[in-house]
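Asks: So that we are looking at the same thing, I have put the structure below in C-alpha cells.
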Amino acid sequence: MVQGVRRVLVIDDNPEIHNDIKKILQPKTAPDDFDELLSDLTGQATSKPQQNMIQVDSAFQGDEGIKMVRQARLDDQPYALAFVDMRIPPGLDGLQTIKKLQMEDDRLQFIIITAYSDYSWQEISSTLISKDNLLIIKKPFEAIEIRQSASALLEKWHIAIEREHILAALAMQRDMLEDKVRERTAELDQKNVLLQREIEERKKAEEQIRQHRDMLEEEVARRSARIVEQNNFLHTVINSLPHPFMVVNIADYTVAIANTATRKEGGEVPEEEKCYQYLHGFDQPCHESGLPCPLQGIEMNSEPALLEHRISDQEGKERILEVHTHPVATSQGEGEEMQTIEYCIDITRRKRLEAASLKNSKMELVATLAGGIAHDFNNLLMAIIGNIELAAMNMPSEHSSSSFLDYAVDASVQAKDLTHKFLLFSNFDPPARQAVPLGDLITTSCQAVFSGSNITPTFHFSSDLWLGYIDPGQLDLALRELFLNAREAMGDEGVITLSAENITRVGVGQAHPERSKGRYIKITLQDQGVGIEPKELANVFDPYFSSKVRGNGKGMGLGLTIASSIIHQHQGYIDIESTLGVGTTVHVELPAATE
Numbered sequence: 001m002v003q004g005v006r007r008v009l010v011i012d013d014n015p016e017i018h019n020d021i022k023k024i025l026q027p028k029t030a031p032d033d034f035d036e037l038l039s040d041l042t043g044q045a046t047s048k049p050q051q052n053m054i055q056v057d058s059a060f061q062g063d064e065g066i067k068m069v070r071q072a073r074l075d076d077q078p079y080a081l082a083f084v085d086m087r088i089p090p091g092l093d094g095l096q097t098i099k100k101l102q103m104e105d106d107r108l109q110f111i112i113i114t115a116y117s118d119y120s121w122q123e124i125s126s127t128l129i130s131k132d133n134l135l136i137i138k139k140p141f142e143a144i145e146i147r148q149s150a151s152a153l154l155e156k157w158h159i160a161i162e163r164e165h166i167l168a169a170l171a172m173q174r175d176m177l178e179d180k181v182r183e184r185t186a187e188l189d190q191k192n193v194l195l196q197r198e199i200e201e202r203k204k205a206e207e208q209i210r211q212h213r214d215m216l217e218e219e220v221a222r223r224s225a226r227i228v229e230q231n232n233f234l235h236t237v238i239n240s241l242p243h244p245f246m247v248v249n250i251a252d253y254t255v256a257i258a259n260t261a262t263r264k265e266g267g268e269v270p271e272e273e274k275c276y277q278y279l280h281g282f283d284q285p286c287h288e289s290g291l292p293c294p295l296q297g298i299e300m301n302s303e304p305a306l307l308e309h310r311i312s313d314q315e316g317k318e319r320i321l322e323v324h325t326h327p328v329a330t331s332q333g334e335g336e337e338m339q340t341i342e343y344c345i346d347i348t349r350r351k352r353l354e355a356a357s358l359k360n361s362k363m364e365l366v367a368t369l370a371g372g373i374a375h376d377f378n379n380l381l382m383a384i385i386g387n388i389e390l391a392a393m394n395m396p397s398e399h400s401s402s403s404f405l406d407y408a409v410d411a412s413v414q415a416k417d418l419t420h421k422f423l424l425f426s427n428f429d430p431p432a433r434q435a436v437p438l439g440d441l442i443t444t445s446c447q448a449v450f451s452g453s454n455i456t457p458t459f460h461f462s463s464d465l466w467l468g469y470i471d472p473g474q475l476d477l478a479l480r481e482l483f484l485n486a487r488e489a490m491g492d493e494g495v496i497t498l499s500a501e502n503i504t505r506v507g508v509g510q511a512h513p514e515r516s517k518g519r520y521i522k523i524t525l526q527d528q529g530v531g532i533e534p535k536e537l538a539n540v541f542d543p544y545f546s547s548k549v550r551g552n553g554k555g556m557g558l559g560l561t562i563a564s565s566i567i568h569q570h571q572g573y574i575d576i577e578s579t580l581g582v583g584t585t586v587h588v589e590l591p592a593a594t595e
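full-length UniProt numbering numbers the first residue of the sequence shown as 1 and each following residue consecutively.
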C-alpha cells in the first residue's frame, strides 16, 4: 500500500460533525484493535500509520465544498473522500452538492451522513452520475462506522489511483513497445519497400515481357490476318478478271493456278494439265502448232513477253488472243522454280474495230481526194458539154460528124453523173432524221427502179413494223443504189424478195462488235443474180470495186459505197452475203424511232 496523505472533505453546516469526524480519522494514537480490524478488513498486515496520514478539511455549504474540490483538482492534490450532510441550509442540499462534485471529480468517494433523508434511494440513484462510490450512514453514527467506511472508500480511491498509475505505466510500456514495434516495423517497412520495389521491378519486367510477347503475338496475328485478307482479296481479284489468268510452271508447261474465267465449266484445274491443252485445246505445245510460245522466250531471257495467238474457237470462228506473260521465281523445297504469270485478252473485237476504223480512215481519205477531183472535173465537164451542145446546134443534122457529137454528149452526161456520185460520196450533208414508215419508202424506191423491167419484187413486211429514224431523201438514194446493183446482177428477169422486221440488239456480239445495242429495223434484199466470188465479198463496199465488166450501162463501182456511207451516217449497219449462181442477199439495219 502506497504511503501518503489522503485528503478528506467534510461538508456539513454543523461544526460538531466536523470535529467528530476529525477525531475519528485523525486520532493522536491509533488503538491496537483498530489496526487489527483494518488488517482483517484489508487482508494485509498493517503498521502504525504516520501522523497526518489523513487530512480532513471542512466546508459548511455545498457551494464552498464544490469550490474546494475544483481548486484541489487544479492544484493536483485531489480529495479522496467527502462526507456530505443531506441537509445543508440555506444553499444546495446534499444530493445537489454530490451531483455537482461528481461533475468536478469523477474519482471522488462520498459518504452521506444524515438523520433522515428527503430523497428515496431510487431518487438518489436516478439523480447522481455514479452510484458505486457512495455510502450512507445514519445519525447518530458510531466511530467504527465512520472509520470503517472511510477506510474502505479511501482504499478504494487509492486502488483506483494506483490502477490509473498502473494503467499509465502500462500505457507507457505499451507506448515504448509500440515505439520499438514502430521502429522495427519501420525497418521492416523499409526492407519491405525495397523488396516491394524489387518485386514491382520484376513485375514490370515481366509485364513488359508479357506485353512485348502479346504485341508480337498480335502483330503476328494481324500480319497473318492481313496475309489471309490479301490472299483472299487477290483470289477475288483474279477470279473477277473476265480474261483467262494462269500461273504456269515453265519447266513442264503445267498449270499451277487458274482463275474461273480459265477453268473449264467452272471446275478445278486437272492435275498435270498443260497450258496449251487448258487454254487452246491443243495436244502439243504452241510452237509445234505454228504459234509463238511465250514460255520459250521467258526461259531464254527471263523477261516479260507479249504476243498474239490466232486460233479457231469451237464454232470454227477465228479468235485473236493477246497473251501477256511475266516471269516469277518461287521457292520450291531447296531451290527455286521459274513460273510465269500468263493472262490472255480476247482482242478479236478490238482488232475488228481497228480494221473497221482503218478502213473508214482510208474511205475518208479516198472520199476527200475523189471529192476534190470531182469538183474540178465537174466544172470542166460543164464547159465540155456546153461547147459540144453549141457545136451540135450550129451543125446540120445531116452532117457526117453529127453522130460523133451526140456520142460525145452522152458520154459527157455519164461522166457528169459519175462526178455527181463522187461528190455524194465525198460530201454528204448530215441526215435530217425523222420518224418515217419504212414500208412505204422501200416500196416506192423499189418500184421506181424496177418499173418497166421483167423483174418482179415481192414484199414481206411485219404488220407491226416500227417507224425508222432516218432522212427519207438520203435513204431513198441508198435503197435505189442497192436496187440498181441487184437489177444489173439479175439481168432482164427474175424475182427480188424484200422483207422488213423489228429486231432488238441487247448486247455486243462477237461477230459484229462494233454494233450497239438498241431497237432496229432489219431490211433484207434477196436477188437472183449471178452472185459474188467469196474472195471479193470483203471489198464490195470499196470505192470503184465492181465484179461486173465495165462498159456502157455499167456502174463505176460507187453505188454500194454510197449506200454504205449513207447507212452508216444513220448509225445503221449493212452486210452482204452471196453464193455464185444463186444470188446475193443484203442486210440493212436502221435505228428505230423512239416511242
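No residue lacks a Cβ here, since even glycine has one placed at the ideal position from N, Cα and C. From a predicted model like this one, the values you see are computed outputs, not experimental measurements.
Across the segment 178 to 190 and the segment 97 to 110, are there enough close Cβ pairs to call them in contact, namely three or more that are closer than 8 Å?
Replies: no
Asks: Cβ atoms of Lys22 and Val56: under 8 Å apart, would you say?
Replies: yes
Asks: Between the Cα of Trp466 and those of Ala221, Glu104, Asn387 and Ile503, spot the shortest distance and give me the residue it belongs to.
Replies: Ile503
Asks: So the alpha helix (DSSP H) Val181 belongs to, where does it begin and stop?
Replies: According to the DSSP assignment, Val181 belongs to the alpha helix (DSSP H) that extends over Ala143 to Ser240.
Asks: Taking the CB atoms as reference points, tell me whether Leu101 and Ile124 lie closer together than 8 Å.
Replies: no
Asks: Alpha carbon to alpha carbon, what distance is there between Ile388 and Asp410?
Replies: 11 Å
Asks: For Pro457 and Val540, I'd like the C-alpha separation in whole angstroms.
Replies: In a straight line, the C-alpha of Pro457 is about 23 Å away from that of Val540.
Asks: Report the three-state DSSP secondary structure of Lys351 (helix, strand or coil).
Replies: helix
Asks: Hey, how far is the Cα of His326 from the Cα of Leu306?
Replies: 9 Å
Asks: Hey, quick one: how far does the beta strand (DSSP E) through Leu307 stretch, first residue to last?
Replies: Ala305 to Ser312
Asks: Is it right to say Asn192 is buried, meaning 16 or more other beta carbons lie within 10 angstroms of its own, or is it exposed?
Replies: By the C-beta density criterion, Asn192 is exposed, having fewer than 16 other C-beta atoms within 10 angstroms.
Asks: I think Leu291 touches Thr340, with their Cβ atoms under 8 Å apart; what is that distance to the nearest whole Å?
Replies: Between Thr340 and Leu291 the Cβ distance is about 16 Å, and since that is not below 8 Å, they are no contact.
Asks: Going by DSSP, which residues form a beta bridge with His326?
Replies: Ile341
Asks: Throw me the rounded Cβ distance for the Ile567 and Leu477 pair, which I believe falls under 8 Å.
Replies: Not really, about 11 Å apart at Cβ, beyond 8 Å.
Asks: Within this structure, are the beta carbons of Val436 and Pro396 separated by less than 8 Å?
Replies: no
Asks: Around the C-beta of Met393, are 16 or more other C-beta atoms found within 10 angstroms, so that it is buried, or is it exposed?
Replies: exposed
Asks: Which word fits Ala592, buried or exposed, when buried means at least 16 other C-beta atoms lie within 10 angstroms of its C-beta?
Replies: buried
Asks: Where does Ala538 fall in DSSP's three states?
Replies: helix
Asks: Let me check understanding here. Comparing Cα to Cα, which of Glu493, Leu484 and Glu481 lies closest to Ser453?
Replies: Of the listed residues, the one whose Cα sits closest to Ser453 is Glu493.
Asks: The beta strand (DSSP E) that contains Met490, what's its start and end?
Replies: Note, Met490: premise wrong, no beta strand (DSSP E); alpha helix (DSSP H) at Pro472 to Met490.
Asks: Check the C-beta distance from Glu322 over to Cys275 and give it rounded, since I have them as a contact under 8 Å.
Replies: Rounded, the Cβ-Cβ distance is 16 Å, inconsistent with contact.
Asks: Take Asn261 as the anchor and find which of Ala251, Ile238 and Val247 has the nearest alpha-carbon.
Replies: The residue you asked about is not Asn; residue 261 is Ala in the sequence shown. Of the listed residues, the one whose Cα sits closest to Ala261 is Ile238.
Asks: Excluding the 5 residues flanking Asn52 on each side, which residues of the same chain have their C-beta closer than 6 Å to its C-beta?
Replies: Because Asn52 sits at a pLDDT of 45, beneath the cut-off of 50, its placement in the model cannot be relied upon, and the point is left open.
Asks: If you measure between the beta carbons of Gly62 and Ile112, is that distance less than 8 Å?
Replies: no
Asks: Between the C-alpha atoms of Gly553 and Asp527, what's the straight-line distance to the nearest angstrom?
Replies: Only weak support is given to the placement of Gly553: the predicted model assigns it a pLDDT of 44, under 50, and the question is left unresolved by the model.
Asks: For Lys522, collect the residues of the same chain with a Cβ closer than 6 Å to its Cβ; drop the 5 residues on either side in sequence, then sort them by chain order.
Replies: Glu501, Ile503 and Glu589
Asks: Give the DSSP-derived three-state secondary structure of Gln51 in the structure shown.
Replies: Annotation note: pLDDT 45 at Gln51 (below 50); position unreliable, coordinate value reported separately. Note: Gln51 maps to coil in three-state DSSP.
Asks: So, helix, strand or coil for Lys139, using DSSP?
Replies: coil
Asks: Ordered along the chain, which non-local residues of its own chain (more than five positions away) have a Cβ less than 8 Å from that of Pro430?
Replies: Gln569
Asks: Using only CA atoms, which one of Leu475, Gln284, Leu241 and Glu206 lies nearest to Ile562?
Replies: Leu475
Asks: Return the residue from the list Tyr79, Ile54 and Asp85 that minimises the CA-CA distance to Glu16.
Replies: Asp85
Asks: Buried or exposed for Pro543, going by 16 or more other Cβ atoms inside 10 Å?
Replies: That one is buried.
Asks: Where Ile576 and Ile320 are concerned, what is the direct C-alpha to C-alpha distance, given to the nearest angstrom?
Replies: 23 Å
Asks: I need the straight-line Cα distance from His587 to Ser240, nearest angstrom please.
Replies: 38 Å
Asks: Ordered along the chain, which non-local residues of its own chain (more than five positions away) have a Cβ less than 7 Å from that of Val247?
Replies: Ala256, Ile257, Gln339 and Ile341
Asks: Taking DSSP's pairing of strands, which residues face Gly518 in a bridge?
Replies: BP columns for Gly518 point to Arg505.
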